[in-house]
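*Asks:* After the structure tokens below, expect a handful of questions from me.
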DNA sequence: AACCCGGGGCC
DNA sequence: GGCCCAGGGTT
């Protein structure tokens, strides 16, 4: 980092920011007490969602699970239900798992040392600092994206904030800035400034309490900081998917299945799909119409693993879904299960499979791409 | 350090 | 529809 910050510039920043925060802080539900459990839950929720969205979730969550003990004892289903709509369900599971540890190991009292807090599941460097400073007023930095944006602008730091080493140096700087005895308010002030004034686009410099000594602003660089490398584009992954149509008592229904409890899109529902085998020469063009023979081979081999036989397939559509790191490019076919041959017995369905029609599918949560396919298939 | 994990809002 | 938004876990 540049490390050309003057002590006057730092002193000014700390004093003015703290004063500004105490005059302008928003009245938020988790700011009405210093209850460490409340602070913790709010920080986990805020990691992924805007304040306005979090508020009703936080209030409902506290009504339902008012204490560490209450959350520790609750069935996981209820916790996930209370989290429904916030996304990132693994963080709800991590939170409850860590809360159970606090209940058992610390008698329900959220610990107040760096080592103990940082060891809790789902609590990394940022959340550790937030809990220690906001709940216990300990002089620990809490550096999130807001804070890195504010600091990189005010001190004109051009280090790439996507690098781990930059976060570490920002933490050092942020810690030096904490005014004596005011860690909680100062850290919240940093984040509040980033959220309300020093915003990612078109920051409101004219109302900023520290504009007078902002090096980024003085250099006309407030819009171009922080420096942040572009994430590399998601790697494409070609897949075959199939809408398996039911017959007889399942006429009008299609076969869906639930994903495993761990990993990508955990526990969501989907259509059966299989990777396109890494093809030799002619793998380039995805075309309308696909390659039914190749698709049948891949899908049939895949479904055989669940004891299901697949009959011939026909072209349906193309569909795609982009994650931060993967891009699914799917060729979608329709097909039916193979007749159960000689014994004339119904093919037993593995427990994570279901037949659903267009009404019944409403009860299951699908990633968007499968929702689009099913909606197209059912003709909406 | 590199990769894995997911979903929403804005323009 | 393209662009931007983040923090923690694992290896």
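Numbering (this note's numbering), first residue to last: 951 to 1330. Note that the Cβ used here is the ideal one computed from N, Cα and C, for glycine as well.
When you compare each of 1259, 1249, 1048 to residue 991 by their alpha carbons, which one comes out closest?
*Replies:* Numbered from 1 along the first chain, position 41 holds the residue referred to as residue 991. Out of 1259, 1249, 1048, 1048 has the C-alpha closest to the C-alpha of residue 991.
*Asks:* Looking at the unbroken beta strand (DSSP E) that takes in residue 1208, where does it start and where does it end?
*Replies:* Residue mapping note: residue 1208 aligns to position 258 of the first chain, counting from 1. For residue 1208, the enclosing beta strand (DSSP E) covers residues 1204-1208.
*Asks:* Curious, which full-length alpha helix (DSSP H) runs of at least 4 residues does the segment 1025-1073 contain?
*Replies:* 1026-1033, 1039-1056, 1064-1068
*Asks:* Give the straight-line distance between the Cα atoms of residue 1230 and residue 1276, rounded to the nearest whole angstrom.
*Replies:* As a first step, residue 1230 must be located in the first chain, where it is residue number 280. As a first step, residue 1276 must be located in the first chain, where it is residue number 326. Model confidence at residue 1230 stands at a pLDDT of 43, short of 50, so the residue's coordinates are unreliable and nothing is read from them.
*Asks:* Tell me the DSSP secondary structure of residue 1272 in three-state form.
*Replies:* Walking along the first chain from the start, residue 1272 turns up at place 322. Note: residue 1272 maps to strand in three-state DSSP.
*Asks:* Throw me the rounded Cβ distance for the residue 1284 and residue 1195 pair, which I believe falls under 8 Å.
*Replies:* By 1-based counting over the first chain, the position of residue 1284 is 334. By 1-based counting over the first chain, the position of residue 1195 is 245. Residue 1284 to residue 1195, Cβ: 6 Å. Contact.
*Asks:* Rounded to the nearest angstrom, what separates residue 1206 and residue 1280 at their Cα positions?
*Replies:* Taking the first residue of the first chain as position 1, residue 1206 is located at position 256. Taking the first residue of the first chain as position 1, residue 1280 is located at position 330. One C-alpha to the other measures close to 16 Å.
*Asks:* Could you say which of 1267, 1140, 1222 lies nearest to residue 1248 if we only look at CA atoms?
*Replies:* Counted from its first residue, the first chain places residue 1248 at position 298. For the residues 1267, 1140, 1222, the minimum Cα distance to residue 1248 belongs to 1222.
*Asks:* Among residues of its own chain, excluding the 5 on either side of residue 1101, which ones have a beta-carbon nearer than 7 Å to its beta-carbon?
*Replies:* Taking the first chain and counting its residues from 1, one reaches residue 1101 at position 151. Here the set comprises 1107, 1120, 1123, 1124.
*Asks:* Over the uninterrupted alpha helix (DSSP H) stretch that includes residue 1319, give me the two end residues.
*Replies:* Numbered from its first residue, the first chain carries residue 1319 at position 369. Segment 1318-1327, the alpha helix (DSSP H) holding residue 1319.
*Asks:* List the endpoints of the continuous beta strand (DSSP E) containing residue 1305.
*Replies:* As a first step, residue 1305 must be located in the first chain, where it is residue number 355. Residue 1305 -> beta strand (DSSP E) spans 1303-1306.
*Asks:* Report the residue from 1079, 1093, 1094 whose alpha carbon sits nearest the alpha carbon of residue 1087.
*Replies:* Translated into positions along the first chain, residue 1087 becomes position 137. The candidate whose alpha carbon is nearest that of residue 1087 is 1079.
*Asks:* Apply the 10 Å Cβ neighbour rule to residue 1346 and answer buried if 16 or more other Cβ atoms are within range, or exposed otherwise.
*Replies:* Nothing about residue 1346 can be read from this structure; the chain reaches only from 951 to 1330.
*Asks:* So, under 8 Å CB-CB, residue 1072 and residue 1041 are touching, yes? Tell me the CB distance rounded to an integer number of Å.
*Replies:* For the purposes of this step, residue 1072 is taken as residue 122 along the first chain, with counting starting at 1. For the purposes of this step, residue 1041 is taken as residue 91 along the first chain, with counting starting at 1. Confirmed, Cβ separation roughly 6 Å.
*Asks:* Between residue 1046 and residue 1028, what straight-line distance do the alpha-carbon atoms span, to the nearest angstrom?
*Replies:* For the purposes of this step, residue 1046 is taken as residue 96 along the first chain, with counting starting at 1. For the purposes of this step, residue 1028 is taken as residue 78 along the first chain, with counting starting at 1. About 11 Å.
*Asks:* Please classify residue 1264: is it buried, with 16 or more other beta-carbons within 10 angstroms of its beta-carbon, or exposed?
*Replies:* Sequence index remark: in the first chain, residue 1264 carries index 314 (1-based). Per the 10 Å Cβ criterion, exposed.
*Asks:* Is the beta carbon of residue 1093 sitting closer than 8 Å to the one on residue 1076?
*Replies:* Residue 1093 sits at position 143 when you count from the first residue of the first chain. Residue 1076 sits at position 126 when you count from the first residue of the first chain. Result yes, Cβ atoms of residue 1093 and residue 1076 sit closer than 8 Å.
*Asks:* For residue 956, does the three-state DSSP call read helix, strand or coil?
*Replies:* For the purposes of this step, residue 956 is taken as residue 6 along the first chain, with counting starting at 1. Residue 956 falls in the coil class under three-state DSSP.
*Asks:* Which residues in the same chain have their Cβ closer than 7 Å to the Cβ of residue 1148, if we skip the five residues on either side of it in sequence?
*Replies:* The count along the first chain starts at 1 and reaches residue 1148 at position 198. Here the set comprises 1099, 1100, 1103, 1158.
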